[in-house]
Amino acid sequence: MSRTTQFGVAIGPTEPDDKSVFKTVLENYDDINPDNCAVNSNPEYNFIWAELSYKDAKEVTGYQSRNGIKVILIDAANFEQYANKLWRDFPRNINAEGCVNFSRIKGRYKINTNFPPNISTVLFLAKMYSLKTGTPINSFNFSNNNLPNLKGFEYSFLPLFPDVKAINLSGNNIGSDEEFQTYFGAAKVILDNPIEDQNTTPSNSSTLGNSYGDNNYDDYEDYFVEQPQLDFRSLQHEPKLSLEMFPPITLNVDDFPTHRFIHTYFKMMWYDIPKCGDFYFNNSVFSLISQQSEKTNYYENCDSNLAIKEPVHIRGKENIIAALCQLFPNGFHSHPTLINCSILSENLYSVVLHGVFESYNNLILGFDRSYVISFYDYQFRILNDNMFIRDPPCVC
Numbered sequence: 001m002s003r004t005t006q007f008g009v010a011i012g013p014t015e016p017d018d019k020s021v022f023k024t025v026l027e028n029y030d031d032i033n034p035d036n037c038a039v040n041s042n043p044e045y046n047f048i049w050a051e052l053s054y055k056d057a058k059e060v061t062g063y064q065s066r067n068g069i070k071v072i073l074i075d076a077a078n079f080e081q082y083a084n085k086l087w088r089d090f091p092r093n094i095n096a097e098g099c100v101n102f103s104r105i106k107g108r109y110k111i112n113t114n115f116p117p118n119i120s121t122v123l124f125l126a127k128m129y130s131l132k133t134g135t136p137i138n139s140f141n142f143s144n145n146n147l148p149n150l151k152g153f154e155y156s157f158l159p160l161f162p163d164v165k166a167i168n169l170s171g172n173n174i175g176s177d178e179e180f181q182t183y184f185g186a187a188k189v190i191l192d193n194p195i196e197d198q199n200t201t202p203s204n205s206s207t208l209g210n211s212y213g214d215n216n217y218d219d220y221e222d223y224f225v226e227q228p229q230l231d232f233r234s235l236q237h238e239p240k241l242s243l244e245m246f247p248p249i250t251l252n253v254d255d256f257p258t259h260r261f262i263h264t265y266f267k268m269m270w271y272d273i274p275k276c277g278d279f280y281f282n283n284s285v286f287s288l289i290s291q292q293s294e295k296t297n298y299y300e301n302c303d304s305n306l307a308i309k310e311p312v313h314i315r316g317k318e319n320i321i322a323a324l325c326q327l328f329p330n331g332f333h334s335h336p337t338l339i340n341c342s343i344l345s346e347n348l349y350s351v352v353l354h355g356v357f358e359s360y361n362n363l364i365l366g367f368d369r370s371y372v373i374s375f376y377d378y379q380f381r382i383l384n385d386n387m388f389i390r391d392p393p394c395v396c
C-alpha cells in the first residue's frame, strides 16, 4: 500500500473482495470520485478499506446504511499490518465473558495509541471479527496505553458498540471530569483498576478486567524483558520548560524577500492551521522526521525517514493541512530562535528555521523546519515543507 496517504476509511461488513460497496457509499457524496481512490481488500476479511484525503475521510466517517454497513476513519498507512496482527490474536484477546483485551496494545503491537485513527482502527477490527465469528463483545480493556485523551473514540465507539457494558481506561492520562457519556453512552467507565491488579481482585467482582481467566498478560511474556534493567538517574528534577524560556527572533520584514511571508505563516499556524492552505501549492509536499524519544513518539506515524521501510510523504495542500491539524491539534505554538535564508535561483528561495514548540500534551520540543518557497503569480507559496522534531535544547 502506498504511504503517501495517511488517512482513509474502513467499510464493513462486506463480502470478501467486494469493492463495489465503496462506490455505493460514495453515491451519497458528490464531491468524492471513487475512481480516484485506492481501495483494498483481503479474501480472509469481511471488510474493505480505502485511502482518502483527511477531509474526505472525515466527511464519510460515521456513514451507516440500513443493512448495517459502517464506515470508520482509519490510519490507512498502517491499517493492513494492524489488521493482520490483531485478527490473528483475537481468539486469545477476547475471553469467555466477551471482554476484549486491548491493554498495552502500544507495546504489544507497536500501535501509536496517541494517533486517534488508530483507536478507531482497532475498534473497527474488533467489531468485524465479532460479526464474522459470532463472538459477543460486552466490554473492553484499554488500560495502560498512555492515552492522552478520548479523541480516538469520538466517531467510532458508539456507532460500533452502542450496547457495550463497560470500558476500562485505567492507567491512562484520562481525567475523571471527562464527558464519558458523549463517547461511551451508558457504558460504565473504569479509571482505577489497572490490569496489574486483576489477579488480586476477588473473582466475584463486577469490575472490568477481573475475569480474564488465562487471558492475561502472562500470554505476552515474550513482549517483556525477563531480567530487571537498572536505570541510574540523577535525583535532580528535570526543569519544567516553557516557550517563554526561549525568546523568539525578531524579523525585519524588509531584510529578505520571504520574511513577511514567513511572519504571516507562523502567525496563522499558531491560531488557525485550517486556514493555512493558501500558503501551499496544490502539489506541495510535506515530510517529517522525528527523533526516537519518549517525548516525540506521538509523531512516529508520520515519519518520512527514508531509513524506515515505508516512509510517509504528504502530498497536496489539502492533505498537508489535514496532517498539520492532526500533528498540532492545538495549533503550532512555536518560538523560532534562529533563521537562515538563501536565494536558490530567480524566484526560488530556501528558508530554514530552528526553535521550540509546544506539543499537543504541553511538552516543549525542539524543531528544525526547512522550506523551499517559490514566488509565482505575484505571490509566495511553499513548494516543500520538511520538519525535524527533536528533544528540546538543554536549559542549564
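Counting in full-length UniProt numbering, the sequence shown runs from 1 upward without gaps. Beta carbons are placed, not taken as given, at the ideal position from N, Cα and C, and that holds for glycine.
Judged by DSSP secondary structure, residue 73 falls within the beta strand (DSSP E) whose first and last residues are 70-75. For residue 188, the uninterrupted beta strand (DSSP E) run begins and ends at 188-190, by DSSP. Per the C-alpha coordinates, the member of 320, 319, 372 positioned closest to residue 340 is 372. By the Cβ test, the segment 143-155 is not in contact with the segment 363-382, since fewer than three Cβ pairs between them sit closer than 8 Å.
Here residue 385 carries a strand assignment [DSSP, helix/strand/coil]. The Cβ-Cβ distance between residue 125 and residue 77 does not fall below 8 Å.
Ranking 121, 95, 283, 87 by CA distance to the CA of residue 49 puts 121 first. Pairing residue 34 with residue 21, the inter-Cα distance amounts to about 11 Å.
Remark: C-beta atoms of residue 185 and residue 158 approach each other more closely than 8 Å. Residue 135 holds the alpha-carbon nearest to the alpha-carbon of residue 92 among 117, 135, 112, 79.
In the DSSP assignment, residue 323 falls outside any beta strand (DSSP E) and within the unbroken alpha helix (DSSP H) covering 317-327. Here the segment 323-339 makes contact with the segment 248-257; the two share three or more CB pairs at distances below 8 Å. Restricted to the segment 67-140, the beta strand (DSSP E) segments that are unbroken, complete and at least 3 residues in length are 70-75, 99-101, listed in chain order. One alpha carbon belongs to residue 257, the other to residue 119, and they sit about 44 Å apart. Rounded to the nearest angstrom, the Cβ distance from residue 190 to residue 169 is 7 Å, consistent with a contact under 8 Å. Residue 331 is a Cβ neighbour of residue 273, given a cutoff of 8 Å.
Contact check for residue 284 against residue 385 passes: the beta carbons are separated by less than 8 Å. Assignment of beta strand (DSSP E) within the segment 33-66, counting only whole runs of 3 or more residues, yields 39-41, 48-51 in chain order. Within the model, the alpha-carbon separation for residue 312 versus residue 183 is close to 30 Å.
Counting C-beta atoms within 10 angstroms of its own C-beta, residue 44 has fewer than 16 neighbours from the protein chains shown and is therefore classed as exposed. Per DSSP, residue 378 has no beta bridge partner at all.
Judged by DSSP secondary structure, residue 274 falls outside any beta strand (DSSP E); it is assigned neither H nor E.
Judged by DSSP in its simplified three-state form, residue 8 adopts strand. The beta carbon of residue 302 sits closer than 6 Å to those of 288, 312, all from its chain and outside the five residues before and after it, given in chain order.
Residue burial annotation: residue 334 is buried, with at least 16 other C-beta atoms found within 10 angstroms of its C-beta. CA-CA distance, residue 318 to residue 130, rounds to 35 Å. Going by C-alpha positions, residue 52 is about 30 Å away from residue 262.
Under the DSSP definition of a beta bridge, residue 336 partners with 355.
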